[in-house]
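In our numbering, the protein residues as written are 2 to 258.
Beta carbons are placed, not taken as given, at the ideal position from N, Cα and C, and that holds for glycine.
For reference, the structure is listed below as structure tokens.
Below, the structure is given as structure tokens:
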């Protein structure tokens, strides 16, 4: 008998490994979360308790740990589980995908907490690196998830900090009479995105600053808006040269709080 599996046997093995991937990633996620809470190198019982708190099921924890150890992602010593260097990097990717998925479902779809958690658990396993970066960029490179936990930055965030952020400034720091193009918005309250979008304050929009106090007053197209200082600090613009801008009209003053 040949020691190698036949061609027909290989595909089911690959399929089983792919089907088991979510459970392995959930375990890596739990180890990371426990470390964040000060429980580095968790015991099996601590890991089980963490997994039970998740909306996603891990039915075969011993098998998941065995596979992760075989892949060189974790080590088990003295009844405790610890990351290898490669395992920590993999867990970081999983956590990043999960927390970005939470932000997407929370900020864009406004899903309730329970549905958001379950949806994020399913979505995170389907995001490849390119789509993950696209989601992150679309959301404005958020720093935290809806629960306030840090989102590990990715390559897109590093490019953004290196190439884009240095040429932008908050709308509140633009000088009166100057124009700027909105590059990104980082609202502390996600509902503000919809309100600002309804007024035309979206990435790509050209604004002209009239005054900074007591409220920030800007022209957006043919409309003049008054917004709070707090909101103006969350809108980042790239200052424009006079020849870059478009002719901006006056319009009525509208307060926005």
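Which of helix, strand or coil DSSP assigns to residue i
i: residue 115; result: helix
i: residue 126; result: coil
i: residue 214; result: coil
i: residue 22; result: helix
i: residue 138; result: helix
i: residue 15; result: Because residue 15 carries a pLDDT of 40, less than 50, the predicted location of this residue cannot be relied on, and no value is offered for it.
i: residue 244; result: For residue 244, the predicted model reports a pLDDT of 48, less than 50, meaning its position is unreliable and no value from the coordinates is stated.
i: residue 83; result: strand
i: residue 110; result: coil
i: residue 133; result: helix
i: residue 167; result: helix
Residue i, enclosing beta strand (DSSP E) - first and last residue
i: residue 227; result: 224 to 228
i: residue 76; result: 75 to 78
i: residue 93; result: Here residue 93 belongs to no beta strand (DSSP E); instead the alpha helix (DSSP H) covers 86 to 104.
Extent of the continuous alpha helix (DSSP H) run through residue i
i: residue 240; result: Where residue 240 is concerned, there is no enclosing alpha helix (DSSP H), although the beta strand (DSSP E) it sits in stretches over 236 to 240.
i: residue 159; result: 156 to 160
Expected contact under 8 Å - CB spacing of residue i and residue j to nearest Å
i: residue 1; j: residue 30; result: What is shown of the chain runs 2 to 258, which leaves residue 1 out entirely.
i: residue 42; j: residue 85; result: Incorrect: roughly 12 Å between the Cβ atoms, too far for contact.
i: residue 238; j: residue 169; result: 6 Å
i: residue 185; j: residue 204; result: 6 Å
i: residue 235; j: residue 188; result: 5 Å
i: residue 221; j: residue 200; result: 7 Å
i: residue 133; j: residue 101; result: 6 Å
i: residue 130; j: residue 104; result: Contact doesn't hold; Cβ gap of about 17 Å is too wide.
i: residue 27; j: residue 59; result: 5 Å
i: residue 227; j: residue 171; result: Not confirmed; about 17 Å, so no contact.
i: residue 240; j: residue 178; result: Not a contact, Cβ separation roughly 12 Å.
i: residue 80; j: residue 45; result: 7 Å
i: residue 217; j: residue 230; result: 6 Å
i: residue 147; j: residue 107; result: 4 Å
(request) Examine the Cβ distances between the region 100 to 117 and the region 63 to 72 and report whether three or more of them are shorter than 8 Å. (result) no
(message) My parser needs the beta strand (DSSP E) runs of 3 or more residues fully inside the region 174 to 202; what are they?
(response) 180 to 186
(message) Using 8 Å as the cut-off, can you tell me whether the region 46 to 64 makes contact with the region 89 to 97, which would need three or more C-beta pairs spanning the two stretches below that distance?
(response) no
(request) State whether the region 118 to 128 contacts the region 73 to 86, with contact taken as three or more CB pairs (one from each stretch) at a distance under 8 Å. (result) Contact check between the region 118 to 128 and the region 73 to 86: fewer than three CB pairs, one atom from each, fall below 8 Å, which does not count as touching.
(request) Please go through the region 17 to 73 and give each complete beta strand (DSSP E) segment of 3 or more residues, from N-terminal end onward. (result) none
(message) Would the region 155 to 171 count as touching the region 206 to 213 if we require 3 or more Cβ pairs under 8 Å?
(response) no
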